[in-house]
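Participant: Going by this note's numbering, the sequence shown opens with residue 4, and the numbers climb by one from there. Quick one: structure below, then a few questions.
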Amino acid sequence: MGFSNVIAQQRVKAMLSGAIKSGAIAHAYCFYGEEGIGKDALAISLAQILNCNNPISVSDGTVDSCGKCKNCLDINRLEHPNLMFITALPAGKSTAKLEDSPLLQLSEENLALYKEEISLKAEDPYHSISLPNAQTIRIASIRDIKKQVKMTATQDGRRVFILSQAERMNMEAANAFLKTLEEPHDNITFILTTSKKDALPQTILSRCQQVYCDILPQTDLAHALIDKHGMSITEAQLIQAFAQGSYGRALAFMNEDIQSMRSDIIDVLRSALKRKHYRLDLMQQLEHAIADKDRTKLELMLRMLALWLRDCHYAVNVSDSNDGIMNSDQVESIRKFASAFPNADYHSILEMIESSIEQIRRNVNGSLVMFTTMMACRETFLLNTKEFIDHAPTDLSR
Ligand SMILES: [Zn+2]
Numbered sequence: 004m005g006f007s008n009v010i011a012q013q014r015v016k017a018m019l020s021g022a023i024k025s026g027a028i029a030h031a032y033c034f035y036g037e038e039g040i041g042k043d044a045l046a047i048s049l050a051q052i053l054n055c056n057n058p059i060s061v062s063d064g065t066v067d068s069c070g071k072c073k074n075c076l077d078i079n080r081l082e083h084p085n086l087m088f089i090t091a092l093p094a095g096k097s098t099a100k101l102e103d104s105p106l107l108q109l110s111e112e113n114l115a116l117y118k119e120e121i122s123l124k125a126e127d128p129y130h131s132i133s134l135p136n137a138q139t140i141r142i143a144s145i146r147d148i149k150k151q152v153k154m155t156a157t158q159d160g161r162r163v164f165i166l167s168q169a170e171r172m173n174m175e176a177a178n179a180f181l182k183t184l185e186e187p188h189d190n191i192t193f194i195l196t197t198s199k200k201d202a203l204p205q206t207i208l209s210r211c212q213q214v215y216c217d218i219l220p221q222t223d224l225a226h227a228l229i230d231k232h233g234m235s236i237t238e239a240q241l242i243q244a245f246a247q248g249s250y251g252r253a254l255a256f257m258n259e260d261i262q263s264m265r266s267d268i269i270d271v272l273r274s275a276l277k278r279k280h281y282r283l284d285l286m287q288q289l290e291h292a293i294a295d296k297d298r299t300k301l302e303l304m305l306r307m308l309a310l311w312l313r314d315c316h317y318a319v320n321v322s323d324s325n326d327g328i329m330n331s332d333q334v335e336s337i338r339k340f341a342s343a344f345p346n347a348d349y350h351s352i353l354e355m356i357e358s359s360i361e362q363i364r365r366n367v368n369g370s371l372v373m374f375t376t377m378m379a380c381r382e383t384f385l386l387n388t389k390e391f392i393d394h395a396p397t398d399l400s401r
């Protein structure tokens, strides 16, 4: 997992390469930015380059690991004495002793789950580790860091401690970690990664070099989906459009049946726009569409709806060419729908869908959000389409 395996992030790679070449690697970094853009991947790569036996110079001026030496291979497996990867863990078993290392405190079942997640992370650093009831980075993990830091290194190279989703440290853990950060250490780098930088104490942030990581450019994201997952161009383009620059989000969406989710949500919209007796139909369609969907999937459905409507707006207001239509397999259907609503105020509809997505993220009842979104769509669409209410056929624009 060198820089060459990290998607995009050229600016950050160049900056870190400069620091490596001039021997000015910071004592602590905070890599921050959106979820799923590769902050952990960058952190693991940096650890690998710093410990590689034969680092290489790349023609663009960056440096990279060889990917072949023992150190590189061990870091790829996240099993290297110089690399410590810290993440949120579930509470320990009741018999656990306070001085035990955090993994020793876990129940057998949780330890097995943890190992499985770590091996998925090693396979793909973009994998988002998720363990049941693991919301916090525990004080035990920070005590373990303290202990490790005090021990003499068993290997050459630089010891790197990665605190993934560092904002998950609870107050006690953060205070303890701050003390460690304040002490001077030779040949040690802490890397905090977070998508919620504001949730980290200022006292910790001020001791880290803060590195903003960009969201991924559309083409890089689509290429990664095609190269790494053998996706077709159309599929990659579609998923990329929903993922909004986050590879992690694209991975989460990848296993979904995108096509059928999209047709479900568009059917719901169509039933909401029926001339008469729409209510029962809308509720049935909605119930079918959102059955068994968690918040991530509801958000995805709303993004699909937004993208489809954005395409309608493009078709009716922007261009006669089909090149800019993202749902490229639905051009005919989109043009037909759009022509039925020539005066629709797409801007306010899209804004409204964004605020619905916000509500879903804030844990507002999912089916309520979906229903009110559809009712608001109905109101906005029909507001400027008086003739539609009087004359439109019920199977409009299918
Ligand atoms: Zn190497």
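Cβ atoms here follow ideal geometry from the backbone N, Cα and C, with glycine treated the same way.
Measure the CB-CB distance between V15 and V334 and report whether it falls below 8 Å.
Facilitator: In the sequence shown, residue 15 corresponds to position 12, counting from 1. In the sequence shown, residue 334 corresponds to position 331, counting from 1. No. Outside cutoff.
Participant: Starting from the C-beta of D43, find all residues in its chain whose C-beta is less than 6 Å away, skip the five residues before and the five after it, and write them out in chain order.
Facilitator: Taking the first residue of the sequence shown as 1, we reach residue 43 at position 40. Only P128, S167, T196 meet the Cβ criterion.
Participant: Helix, strand or coil for A31? Go by DSSP, reduced to three states.
Facilitator: The residue labelled residue 31 in the question sits at position 28 within the sequence shown. A31: strand per DSSP, three-state reduction.
Participant: Report the rounded CA-to-CA distance for T65 versus G21, giving the unit in angstroms.
Facilitator: In the sequence shown, counting from the first residue as 1, residue 65 sits at position 62. In the sequence shown, counting from the first residue as 1, residue 21 sits at position 18. The alpha-carbon of T65 is positioned some 7 Å away from that of G21.
Participant: Hey, is N8 close to ligand 1, as in C-beta under 7 Å from one of its heavy atoms?
Facilitator: Walking along the sequence shown from the start, residue 8 turns up at place 5. No, Cβ of N8 sits at least 7 Å from all heavy atoms of ligand 1.
Participant: My output table needs one value for D127: the three-state DSSP class, helix, strand or coil.
Facilitator: Position 124 of the sequence shown, counting from 1, holds the residue named residue 127. Look at D127 here: in three-state DSSP terms it is coil, with no helix or strand label.
Participant: Looking at L53: is its Cβ nearer than 8 Å to the Cβ of I89?
Facilitator: As a first step, residue 53 is located in the sequence shown; it is residue number 50 there, counting from the start. As a first step, residue 89 is located in the sequence shown; it is residue number 86 there, counting from the start. Result no, Cβ atoms of L53 and I89 do not sit closer than 8 Å.
Participant: Rounding to the nearest angstrom, what Cα-Cα distance links S122 and L228 in this structure?
Facilitator: As a first step, residue 122 must be located in the sequence shown, where it is residue number 119. As a first step, residue 228 must be located in the sequence shown, where it is residue number 225. Cα-Cα distance, rounded: 21 Å.
Participant: A275 to A246, Cα distance in whole Å?
Facilitator: Indexing the sequence shown from 1 puts residue 275 at position 272. Indexing the sequence shown from 1 puts residue 246 at position 243. Computed Cα separation, rounded: 26 Å.
Participant: What are the boundary residues of the beta strand (DSSP E) that includes V163?
Facilitator: Position 160 of the sequence shown, counted from the start, is the residue given in the question as residue 163. Run containing V163: 162-166, per the beta strand (DSSP E) assignment.
Participant: Cα-Cα, which of N8, G70, R381, S110 is closest to K279?
Facilitator: On the sequence shown, position 276 is the one that residue 279 refers to. Of N8, G70, R381, S110, the residue nearest in Cα terms is R381.
Participant: Can you give the beta carbon distance from I360 to L224, rounded, assuming they're within the 8 Å contact cut?
Facilitator: In the sequence shown, the residue the question calls residue 360 occupies position 357. In the sequence shown, the residue the question calls residue 224 occupies position 221. Not really, about 19 Å apart at Cβ, beyond 8 Å.
Participant: Check whether the Cβ atoms of I132 and A176 sit closer than 8 Å, and answer yes or no.
Facilitator: Locating residue 132 in the sequence shown gives position 129, where the first residue counts as 1. Locating residue 176 in the sequence shown gives position 173, where the first residue counts as 1. Going by C-beta atoms, I132 is not nearer than 8 Å to A176.
Participant: So, is R146 buried or exposed, given that buried needs 16 or more other C-beta atoms within 10 angstroms?
Facilitator: Looking up residue 146 in the sequence shown gives position 143. Buried, because 16 or more other Cβ atoms sit within 10 Å of the Cβ of R146.
Participant: Considering only heavy atoms of ligand 1, does any lie closer than 7 Å to the CB of S48?
Facilitator: Counting from 1 along the sequence shown, the entry for residue 48 is found at position 45. No, ligand 1 has no heavy atom inside 7 Å of this Cβ.
Participant: Using alpha carbons as the reference points, say which of A202, D217, K153, K96 lies closest to P187.
Facilitator: Numbered from 1 along the sequence shown, position 184 holds the residue referred to as residue 187. Taking only the C-alpha atoms, the option nearest P187 is K153.
Participant: Just grab the DSSP bridge partners of S48 for me.
Facilitator: By 1-based counting over the sequence shown, the position of residue 48 is 45. Answer by DSSP bridge pairing: none, since S48 is not bridged.
Participant: Using C-beta distances below 6 Å, list every residue in its chain close to N8, excluding the 5 sequence neighbours before and after it, in chain order.
Facilitator: Locating residue 8 in the sequence shown gives position 5, where the first residue counts as 1. The beta carbon of N8 sits closer than 6 Å to none of the beta carbons in its chain outside the five residues before and after it.
Participant: Output the distance between the C-alpha atoms of M264 and M304, rounded to the nearest integer angstrom.
Facilitator: Locating residue 264 in the sequence shown gives position 261, counting from the first residue. Locating residue 304 in the sequence shown gives position 301, counting from the first residue. Straight-line Cα distance between these residues: approximately 7 Å.
Participant: Buried or exposed for V61, going by 16 or more other Cβ atoms inside 10 Å?
Facilitator: As a position in the sequence shown, residue 61 is number 58, starting the count at 1. It is exposed - the Cβ of V61 has fewer than 16 other Cβ atoms within 10 Å.
Participant: Does the segment 290-297 come close enough to the segment 320-333 that 3 or more CB-CB pairs lie under 8 Å?
Facilitator: no
Participant: Where DSSP assigns a beta bridge to S60, which residues make up the other side?
Facilitator: Against the sequence shown, residue 60 aligns to sequence position 57. V66.
Participant: Can you tell me whether DSSP reads F193 as helix, strand or coil?
Facilitator: As a working note, residue 193 is residue 190 in the sequence shown. Of the three classes helix, strand and coil, the one that applies to F193 here is strand, per DSSP.
Participant: If you draw a straight line from the C-alpha of L386 to the C-alpha of Y349, how long is it?
Facilitator: Position 383 of the sequence shown, counted from the start, is the residue given in the question as residue 386. Position 346 of the sequence shown, counted from the start, is the residue given in the question as residue 349. Distance between the alpha carbons of L386 and Y349: 12 Å.
Participant: Who are I89's beta bridge partners in DSSP?
Facilitator: By one-based count along the sequence shown, residue 89 stands at place 86. Looking at the DSSP assignment, I89 forms a beta bridge with L166.
Participant: Go through its chain and collect everything with a Cβ distance to P220's Cβ below 7 Å, but skip five positions before and after it.
Facilitator: In the sequence shown, counting from the first residue as 1, residue 220 sits at position 217. For P220, where only same-chain residues beyond five positions count, the Cβ hits under 7 Å are A11.
Participant: How long is the line joining the alpha carbons of Q205 and S324, rounded to whole angstroms?
Facilitator: Taking the first residue of the sequence shown as 1, we reach residue 205 at position 202. Taking the first residue of the sequence shown as 1, we reach residue 324 at position 321. About 50 Å.
Participant: What residues are listed by DSSP as bridge partners for Y215?
Facilitator: The residue you call residue 215 lines up with position 212 of the sequence shown. Answer by DSSP bridge pairing, in chain order: Y35.
Participant: What three-state label does DSSP hand T98 in the structure shown?
Facilitator: Residue 98 sits at position 95 when you count from the first residue of the sequence shown. In the structure shown, T98 sits in coil (DSSP, three-state: anything other than H, G, I, E or B).
Participant: Start and end of the alpha helix (DSSP H) containing A137?
Facilitator: In the sequence shown, residue 137 corresponds to position 134, counting from 1. Neither: A137 is in no alpha helix (DSSP H) and is coded neither H nor E.
Participant: Can you have a look at G26 and say buried or exposed, based on whether 16 or more other CB atoms are within 10 angstroms of its CB?
Facilitator: Start at 1 with the first residue of the sequence shown, and residue 26 comes out as number 23. With fewer than 16 other CB atoms across the displayed protein chains lying within 10 angstroms of its CB, G26 is exposed.
Participant: Taking just the CA atoms, how far does E238 sit from H316?
Facilitator: On the sequence shown, residue 316 is found 313 positions in, with the first residue counted as 1. On the sequence shown, residue 238 is found 235 positions in, with the first residue counted as 1. Looking at the two C-alpha atoms, the distance is approximately 22 Å.
Participant: Apply the 10 Å Cβ neighbour rule to N183 and answer buried if 16 or more other Cβ atoms are within range, or exposed otherwise.
Facilitator: Numbered from its first residue, the sequence shown carries residue 183 at position 180. The sequence shown places Thr at residue 183, not Asn. Burial call: buried.
Participant: Measure the beta-carbon distance from C33 to C55 and round it to whole angstroms, keeping in mind my assumption that it falls under 8 Å.
Facilitator: Within the sequence shown, residue 33 is the residue found at index 30, counting from 1. Within the sequence shown, residue 55 is the residue found at index 52, counting from 1. Contact flag wrong, Cβ pair sits at about 24 Å.
Participant: How big is the Cα-Cα spacing for A395 and F384?
Facilitator: Taking the sequence shown and counting its residues from 1, one reaches residue 395 at position 392. Taking the sequence shown and counting its residues from 1, one reaches residue 384 at position 381. Only weak support exists for where A395 lies, its pLDDT of 46 falling under 50; the value from the coordinates is given anyway. Answer to the nearest angstrom: the Cα atoms are 13 Å apart.
Participant: Output the residue ranges of the alpha helix (DSSP H) runs that lie fully inside the segment 288-357 and measure 4 residues or longer, sorted by chain position.
Facilitator: 298-316, 334-343
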